[in-house]
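Only one structure is covered here, and it is reproduced in the block below.
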Amino acid sequence: TEIRGATMALIGALHPIATALVAGPLLGERFRGRQWAGFALGAGGVALVAGIGAFDLGRPAGIAWAIGSIGALTAGTLYHARFCRDVPLIGANAVQLAAAAVAAWAFTWAFETPRAVWTPDMLAALAYLTFGVSLGAMGLLLYMLRQGEAGRVASNFYLVPGATALLAWAFLGEDLPAAMWPGFALTMIGVWLIRQRT
């Protein structure tokens with residue numbers, strides 16, 4: 044079921060569009076033509092950053108899991124925006140993380156052999172995932188959903204592949220191909236257009 048990170052980035056670009064499409068009838072959010080153009084530019088920018096030829100249909104199970112995960116993220120975003128805006132952030136984050144932990148535990152035991160090698164690198168990665176991603180990033184997402192519209196908040200996900208590529212260049216010494224730079228620009232312009240109110 045393994046797929047490339049670039050493939051996942053392309054599938055992940057469906058999240059802002061799907062959120063915006065459903066947020067209209069479900070939440071009453073409305074987007075103008077320039078904002079829909081922003082969604083298109085954002086998706087195009089992700090395609091350039093990830094590599095247009097990266098989409099690999101040779102792994103249907105991996106593609107299905109990826110689409111399912113984006114569907115779950117979209118549903119969770121919309122549910123929170125619809126029903127949980129007034130729920131305290133710490134409580135909301137705790138409930139979501141507890142539910143995710145139970146699901147991850149079940150999937151791990153069903154499909155893998157649980158094993159951990161406790162090295163300094165492993166502990167550093169675990170600390171980052173716990174405090175940087177689970178508490179920091181998820182808390183920020185929930186805060187933004189409380190303050191703004193779901194479609195506009197979801198548009199920030201267009202920036203993730205570019206930010207990841209820059210971090211990989213800065214900390215892991217990975218290359219930044221020239222083709223990525225237009226992708227960075229497109230995603231930033233796209234997000235800027237989406238966030239315009241008029």
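Residue 54 in this note's numbering sits at position 11 of the sequence shown; the count goes up by one each step and never skips.
Virtual Cβ for every residue (Gly too), placed ideally from N, Cα, C.
Asked, Found
"What's the gap between the Cα of R73 and the Cα of I110?", "25 angstroms"
"Kindly indicate the opening and closing residues of the alpha helix (DSSP H) around I60.", "L57 to L70"
"Considering I46, what are the terminal residues of the alpha helix (DSSP H) in which it resides?", "Where I46 is concerned, there is no enclosing alpha helix (DSSP H), given that its DSSP letter is neither H nor E."
"Where does D218 fall in DSSP's three states?", "coil"
"For Q139, name the three-state secondary structure that DSSP assigns.", "helix"
"If M223 sits next to A208, beta carbons under 8 angstroms apart, how far is it from one beta carbon to the other, in whole angstroms?", "6 angstroms"
"Could you give the C-beta distance for A193 and T62, rounded to a whole number, given that I count them as a contact under 8 angstroms?", "6 angstroms"
"Taking the beta carbon of F214 as the centre, do at least 16 other beta carbons fall within 10 Å, making it buried, or is it exposed?", "exposed"
"Give the DSSP-derived three-state secondary structure of R75 in the structure shown.", "coil"
"For a quick check, are the C-beta atoms of V234 and S198 less than 8 angstroms apart?", "yes"
"Ignoring anything shorter than 4 residues or poking outside the stretch 149-182, list the alpha helix (DSSP H) runs there in chain order.", "163-170"
"So what does DSSP say about P131, is it helix, strand or coil?", "coil"
"Let's test the definition: count the other Cβ atoms within 10 Å of the Cβ of Y171 and tell me whether it reaches 16, buried, or not, exposed.", "exposed"
"How would you label L91, buried or exposed, when you count the other beta carbons within 10 angstroms and need 16 or more for buried?", "buried"
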